[in-house]
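**Student:** The sequence shown begins at 2 in my numbering and counts up one residue at a time. Note that beta-carbon positions come from the ideal geometry of N, C-alpha and C, so glycine has one too. Note that the structure is a prediction, hence the values are computed from the model and not measured.
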Amino acid sequence: MTEPKTLKIKLVKSTIGFDKKQGLVVQSMGLRRIGHTVELRDTPETRGMILKVRHLVTVE
Numbered sequence: 002m003t004e005p006k007t008l009k010i011k012l013v014k015s016t017i018g019f020d021k022k023q024g025l026v027v028q029s030m031g032l033r034r035i036g037h038t039v040e041l042r043d044t045p046e047t048r049g050m051i052l053k054v055r056h057l058v059t060v061e
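Shown next as structure tokens:
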């Protein structure tokens with residue numbers, strides 16, 4: 002069985018000063034502080050969250 006594809010997401014900018022909902026999206030992705038990186042499965046839901054906070058994160 003093949004492994005599901007994953008995306009590496011890194012928080013590069015603080016959520017302070019942005020909409021509170023964007024901060025909640027960042028939290029729900031598991032990102033805690035600037036420079037923190039997480040690996041999430043590549044799903045439409047994950048891509049939607051990335052789209053909402055694309056100015057705060059980088060994706061590899």
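Buried or exposed: where does Val60 fall if 16 or more other Cβ atoms within 10 Å of its Cβ makes it buried?
**Tutor:** So Val60 counts as exposed.
**Student:** Which residue marks the beginning of the alpha helix (DSSP H) containing Glu40, and which one marks its end?
**Tutor:** Per DSSP, Glu40 belongs to no alpha helix (DSSP H); it is in the beta strand (DSSP E), Thr38 to Arg42.
**Student:** Taking its Cβ as the centre, do 16 or more other Cβ atoms sit within 10 Å of Ile10, making it buried, or is it exposed?
**Tutor:** Ile10 should be labelled buried.
**Student:** Rounded to whole angstroms, what's the CA-CA distance from Lys6 to Val26? Just pull it up for me.
**Tutor:** Using only the alpha carbons, I get a separation of about 21 angstroms.
**Student:** Could you pull out every residue in the same chain whose Cβ sits closer than 6 angstroms to the Cβ of Thr40, ignoring the five residues on either side in sequence?
**Tutor:** Thr is not the amino acid found at residue 40; the sequence shown has Glu there. Around Glu40: Thr7 and Lys9.
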